[in-house]
Each structure stands twice: as structure tokens, then as C-alpha cells.
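What follows is a short report on a single structure.
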Amino acid sequence: MIMHSGTKYFGGHLDLDLLCGILVAPTFEKWKELWNLRTFPGNVMGSLESWLLLRSLRTLHLRVPRQSESAFELVQWLAKGTGGKSADGIPTGMTDKVRHSSLQAVDARGFDPKTQLEGGWNATFLISLTDEKNAAPFPHSLQYFVPATSLGGVESLIGLRIQSDAKADLRLIRISVGVEDVEDLKDDLRQAFQKIASQ
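Following this line, the structure appears as C-alpha cells:
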């Protein structure tokens with residue numbers, strides 16, 4: 063069986079109050095068993111929630127490829143300014159590392175990250191800032207990115223990992239890319255890096 067959260071990429075809009083899960087059954091017999099459990103003793107999504115999910119599914123094929131392409135471009139751009147280098151307006155020494163499957167090589171088992179998602183890369187990635195004192199103000203120095211811990215919406219989100227994982231590195235920031243113009247997102251990140259570097 064495969065379980066998906068309907069509130070992330072399937073839901074696709076952070077404006078909706080959608081509580082939804084999607085369960086894919088391996089056989090029709092298993093589906094009938096689950097259908098009976100859901101229908102008779104379980105709960106069923108409300109009409110509004112079903113309509114909101116249907117509305118979002120109609121644009122899934124447009125949103126996800128764009129989010130994937132934009133994330134890939136942002137990751138490649140950000141990676142040029144890591145490890146004590148400056149690049150395209152990213153000040154020297156701001157970012158230590160970018161973590162995204164597009165930056166991984168084929169591993170010892172032969173797994174190639176390029177085959178992970180058909181048609182693109184994950185639209186979520188991590189950046190590690192060089193100095194932890196820069197991490198807390200960074201999400202609030204941006205104009206296009208919403209400081210929030212979620213993913214899959216049309217809005218780009220940014221969040222400190224320590225706020226949702228007490229064991230996370232204080233320098234670690236997660237970015238979930240939305241459907242905004244990638245050059246606008248680059249400009250926004252660039253100005254935030256420059257603002258923090260000048261303080």
C-alpha cells in the first residue's frame with residue numbers, strides 16, 4: 063500500500079483547511095476491504111474538502127513540474143556560493159552547504175537520484191548557513207518566502223529546522239519552492255543574504 067498526505071502537493075494551496083490522506087491499495091480486493099472500513103465505521107471527507115482537493119488536483123500537472131524546475135535552478139545557483147565562495151550576489155561565507163537530491167551522485171548500491179521522481183526533482187531542499195546567528199533572522203528577511211513549516215503549496219516557504227526538530231543543526235533552513243518566478247525568488251534570497259551580511 064502507498065499512503066500520501068493530501069494536504070501537501072495534492073492539496074497544493076495553503077489557503078485551504080484540508081485534512082486528507084490518500085491510500086493506494088495493491089489489489090481491488092484490498093480496496094474493497096478498506097472501503098468497507100472507511101465507509102461504515104470510519105469517517106469520510108466533507109463535501110467542501112473533497113471539492114477543494116479536486117480543485118487542486120486539476121492543477122497538479124502544472125504546479126509540480128514548475129516547482130521542481132525552480133527548485134533545481136535555485137539549488138544550482140545557491141550551491142555556487144557555498145564553502146566560502148561568493149557567487150551572483152551571494153556574499154562570501156554566508157552558506158556552508160546545500161542539500162538536495164540533484165547534488166547527489168550515484169551511490170555505492172547503484173541508486174541514481176535522477177530516477178527518484180519521474181519528470182524532475184523534489185521541490186524541497188535544505189541550506190546550511192555558515193553562522194548560526196544568521197539563521198534565525200534569515201526567514202524573516204525575505205519578501206516572497208513565507209516563514210512556515212509545510213511544503214507543496216503554490217507559495218514558497220522557508221523555515222528553521224530547529225523549530226520542528228529539536229535535534230536539528232541551528233544553521234539548517236528548509237525551503238519549499240512554490241510557483242513564483244524563479245528570478246524573483248533568487249532576487250529575494252540574494253537581498254536577504256546581503257542584508258544579513260551587512261549587519
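Taking this note's numbering, the leading residue of the sequence shown gets 63, the next gets one more, and so forth.
All residues carry an ideal CB built from backbone N, CA and C; glycine is no exception.
Asked, Found
"Straight-line Cα distance separating Met-156 from Thr-144", "7 Å"
"Distance between Ile-258 and Lys-220 (C-alpha atoms, nearest Å)", "The question names Lys, yet the displayed sequence has Ile at residue 220. If I take the Cα positions, the gap works out to 16 Å."
"Buried/exposed call for Gln-129, threshold 16 Cβ in 10 Å", "buried"
"Sufficient close CB pairs (3 or more, under 8 Å) joining the stretch 104-113 to the stretch 157-171", "no"
"Distance, Phe-255 Cα to Lys-195 Cα", "13 Å"
"Classification of Ile-237 by the beta-carbon crowding that lies within 10 angstroms, buried from 16 upward", "buried"
"8 Å contact criterion, which Val-239 and Arg-125 should meet: CB distance rounded", "About 11 Å separates the two Cβ atoms, so there is no contact after all."
"Pair within 8 Å by beta-carbon distance, Leu-191 and Asp-169", "no"
"DSSP three-state assignment for Thr-154, whether helix, strand or coil", "coil"
"Test item: CB-CB of Ala-198 and Arg-233 under 8 Å", "no"
"Three-state class that DSSP yields for Val-106 in the structure shown", "coil"
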